[in-house]
């Protein structure tokens, strides 16, 4: 009896934007600290053709409090990183992830201090 192995289609992944290990580590580090502070409870990752999006939720049934978007097409213009607030407003744009996450880091410091 011979078995036929069908490979997983790779063509879709070639056009997909994703986070590299260092980027995901930095985002999940912030997520873990926000969970420990009691502010976030759930997250979602959407890997699409134009963007990779990390969404952080206070509760799973709500819309995300923050979206961290990586849009490589904007790399040479406004920067590939975007921090989007709950209402859909762009809070910060930049070429580096750290400074784009700074508003969330400041909020975390305020949560921990109180």
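Numbering (our numbering), first residue to last: 35 to 148. A virtual CB, placed ideally from N, CA and C, is assigned to each residue, including glycine.
Problem - Chain-order list of residues whose beta-carbon lies under 6 Å from that of residue 87 (same chain, five-residue window excluded) - result: Here residue 87 is taken as the residue at index 53 of the chain shown, counted from 1. So the list reads 80, 101, 103, once near-sequence residues are dropped.
Practice task
Would you mind stating whether residue 127 and residue 116 have Cβ atoms separated by less than 8 Å?
Solution key: To locate residue 127, count along the chain shown from 1; it is residue 93. To locate residue 116, count along the chain shown from 1; it is residue 82. A contact, by the Cβ cut-off of 8 Å.
Problem - Backbone CA spacing between residue 54 and residue 97 [nearest angstrom] - result: Taking the chain shown and counting its residues from 1, one reaches residue 54 at position 20. Taking the chain shown and counting its residues from 1, one reaches residue 97 at position 63. Their Cα atoms are separated by approximately 25 Å.
Exercise for the section: Report buried or exposed for residue 78, applying the criterion of at least 16 other Cβ atoms within 10 angstroms of its Cβ. Expected result: Taking the first residue of the chain shown as 1, we reach residue 78 at position 44. Flag for residue 78 reads exposed.
Practice task
Could you pull the start and end residues of the beta strand (DSSP E) that residue 108 belongs to?
Solution key: Start at 1 with the first residue of the chain shown, and residue 108 comes out as number 74. Premise fails: residue 108 is in no beta strand (DSSP E) and is neither H nor E.
Exercise for the section: Taking residue 105 and residue 85 to be in contact with their CB atoms under 8 Å, please state how far apart those CB atoms are, rounded to whole angstroms. Expected result: Here residue 105 refers to the residue found at position 71 of the chain shown. Here residue 85 refers to the residue found at position 51 of the chain shown. The Cβ separation is near 5 Å, so the contact holds.
Practice task
Could you spell out the range, first to last residue, of the beta strand (DSSP E) harbouring residue 128?
Solution key: As a working mapping, residue 128 is identified with position 94 in the chain shown. Here the beta strand (DSSP E) through residue 128 covers 124-128.
Handout entry: Close-in-space but distant-in-sequence residues of the same chain around residue 50 (CB under 6 Å, 5 per side omitted)
Key = As a first step, residue 50 is located in the chain shown; it is residue number 16 there, counting from the start. Cβ within range, chain order: 81.
Exercise for the section: Go through its chain and collect everything with a Cβ distance to residue 132's Cβ below 8 Å, but skip five positions before and after it. Expected result: Position 98 of the chain shown holds residue 132. Same-chain partners within the cutoff: 60.
Handout entry: Beta carbon of residue 71 nearer than 8 Å to that of residue 125
Key = Indexing the chain shown from 1 puts residue 71 at position 37. Indexing the chain shown from 1 puts residue 125 at position 91. For residue 71 and residue 125, no; Cβs fall outside 8 Å.
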